[in-house]
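Reading the sequence shown from the start, the letters are residues 140 to 397 in this note's numbering. Note sheet for the following structure.
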Amino acid sequence: MKKFFYILCIAGIFSSCDNDESTAIVDQELQPEKISAFIASFPKSYSSIDPRLTYKFSYENGLLKKASGKIMSPTPGITTFMTDPYSLFSYNNDKVSIQHSEVEANGAVKEVCTMENGKLKSRYLYNGIDVLFSEKTYSYQTDKIVVYEKQYTWEYFTTYFFDSNQNLIKSEKLEKSGGIDSKLTTTFYSNFDTAKNPFKKLYLCNDNFYEKSLSKNNYRTVNYTVQDLQNLQFPPGSGHSDWTYFYDSDGQVILTWQ
Numbered sequence: 140m141k142k143f144f145y146i147l148c149i150a151g152i153f154s155s156c157d158n159d160e161s162t163a164i165v166d167q168e169l170q171p172e173k174i175s176a177f178i179a180s181f182p183k184s185y186s187s188i189d190p191r192l193t194y195k196f197s198y199e200n201g202l203l204k205k206a207s208g209k210i211m212s213p214t215p216g217i218t219t220f221m222t223d224p225y226s227l228f229s230y231n232n233d234k235v236s237i238q239h240s241e242v243e244a245n246g247a248v249k250e251v252c253t254m255e256n257g258k259l260k261s262r263y264l265y266n267g268i269d270v271l272f273s274e275k276t277y278s279y280q281t282d283k284i285v286v287y288e289k290q291y292t293w294e295y296f297t298t299y300f301f302d303s304n305q306n307l308i309k310s311e312k313l314e315k316s317g318g319i320d321s322k323l324t325t326t327f328y329s330n331f332d333t334a335k336n337p338f339k340k341l342y343l344c345n346d347n348f349y350e351k352s353l354s355k356n357n358y359r360t361v362n363y364t365v366q367d368l369q370n371l372q373f374p375p376g377s378g379h380s381d382w383t384y385f386y387d388s389d390g391q392v393i394l395t396w397q
């Protein structure tokens with residue numbers, strides 16, 4: 140298995156067309172075959188990431204069938220990008236099953252998702268012995284999405300907020316342990332471009348891709364604060380990240396480097 144190591148500081152749908160050629164262009168934009176790991180997962184401060192390292196994707200009848208590539212942090216301060224691990228996606232009416240070739244960062248080997256009217260409604264995570272250990276449910280309102288996750292004695296309540304342009308502008312994540320409020324993370328997303336979002340069909344791949352898929356366009360700046368709710372006397376921690384995207388002559392994000 141090929142592995143690439145870097146020493147890092149870790150910081151925290153279709154439209155109709157008038158001709159076949161236009162349809163092919165739209166499908167190609169919304170179904171990327173490769174995305175640089177640098178573009179997909181790292182802000183510009185991670186200048187040592189080799190942009191040639193890529194995630195790879197394949198589709199069938201407009202549906203994602205396989206995603207390859209995985210980022211891991213085996214120890215604090217070390218990030219590993221592996222090109223070989225992959226996930227396979229199978230579809231049966233309103234259910235999507237995902238089989239991972241290796242244990243994911245969230246601990247899952249298999250996941251089962253349910254859909255309703257084209258939207259994700261629930262997600263169940265199973266470990267290597269096929270035991271359910273985490274579940275998520277998704278609810279939708281006009282300008283926000285609420286995600287509830289329960290994993291053992293931990294609970295997570297994440298609310299995503301959107302502006303009038305259908306872009307993600309804020310999220311609030313409340314963590315509870317044993318029913319007691321533990322931590323609140325508030326994130327602001329800004330500096331949007333006007334390009335199409337290449338992650339729209341990749342939201343089932345991982346949590347990072349899910350969050351990136353939510354906006355109509357692409358945010359390029361993230362600011363966040365983290366409040367320890369058990370020690371309110373301490374000031375919140377904070378962080379900031381910027382992404383630098385390059386664009387082609389049509390104004391769309393260039394996803395790979397040659």
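Heads up, the beta-carbon is just placed ideally off N, CA and C, and yes, glycines get one too.
>> Spatial neighbours of A334 within its chain, please: C-beta separation below 7 Å, excluding the five flanking residues on both sides.
In response: Residues N356, N357, Y386, G390, Q391, V392 of the same chain have their beta carbon placed closer than 7 Å to that of A334, with the five preceding and five following residues left out of the count.
>> Can you tell me whether I164 is buried or exposed? The criterion is at least 16 other CB atoms within 10 Å of its CB, across all chains shown.
In response: Bear in mind that a pLDDT of 36 at I164, under 50, signals an unreliable position, so the model cannot answer this.
> If you draw a straight line from the C-alpha of S180 to the C-alpha of N347, how long is it?
Replying inline: Take the alpha-carbon of S180 and the one of N347: they are about 7 Å apart.
> Rounded to the nearest angstrom, how far is the Cβ of G246 from that of L271, given a contact under 8 Å?
Replying inline: With a Cβ gap of about 11 Å, G246 and L271 do not count as contacting.
> In the structure shown, what three-state DSSP assignment does T240 receive?
Replying inline: Residue identity check: residue 240 is Ser in the sequence provided, not Thr. Residue state for S240 is assigned as coil, using DSSP reduced to three classes.
>> My assumption, with CB atoms under 8 Å, is that K322 sits in contact with L353. Please give the rounded CB distance.
In response: The beta-carbon separation of K322 and L353, rounded to 22 Å, does not stay under the 8 Å limit for a contact.
>> For the structure I just gave you, are there three or more beta carbon pairs, one from the stretch 250 to 263 and one from the stretch 231 to 241, closer than 8 Å?
In response: Yes, since at least three Cβ pairs between the stretch 250 to 263 and the stretch 231 to 241 fall closer than 8 Å, the two stretches touch.
> Do you know offhand how far E288's Cα is from K351's?
Replying inline: Distance between the alpha carbons of E288 and K351 is about 19 Å.
> For L313, which of S303, T326, N200, W382 has the nearest alpha-carbon?
Replying inline: Of the candidates S303, T326, N200, W382, T326 places its Cα closest to the Cα of L313.
> In three-state terms, what does DSSP make of L353?
Replying inline: Correct three-state label for L353: coil.
>> Comparing C-alpha positions only, which one of A244, G208, L203, P215 sits nearest to Y342?
In response: The residue with the shortest Cα to Cα distance from Y342 is L203.
> Short check: CB of T218 to CB of S212, under 9 Å?
Replying inline: In this structure, S212 lies closer than 9 Å to T218 by Cβ.
> So who's on the other strand from D367, going by DSSP bridges?
Replying inline: Per the DSSP secondary-structure output, D367 pairs in a beta bridge with K322.
>> Using beta carbons (cut-off 9 Å, strictly below), is Q280 in contact with chain B?
In response: Here chain B cannot be found, since the structure has a single protein chain.
> By Cβ distance below 6 Å, which residues in the same chain neighbour Q238 in space, the five residues on each side in sequence not counted?
Replying inline: The answer, listed in chain order, is L227, K249.
>> Could you check whether T193 and I174 sit closer than 9 Å to each other, using their CB atoms as the reference points?
In response: Here I174 is near T193, since their CB atoms are less than 9 Å apart.
> According to the neighbour-count rule (16 or more other Cβ atoms, all chains shown, within 10 Å of its Cβ), is E255 buried or exposed?
Replying inline: Per the 10 Å Cβ criterion, exposed.
>> I'd like the list of long-range same chain contacts for V242, defined as Cβ closer than 7 Å, with 5 residues on each side in sequence excluded.
In response: Result list for V242: V248, G267, in chain order.
> Using DSSP with H/G/I as helix, E/B as strand and the rest coil, what is F177?
Replying inline: The answer is helix: DSSP assigns F177 an H, G or I state.
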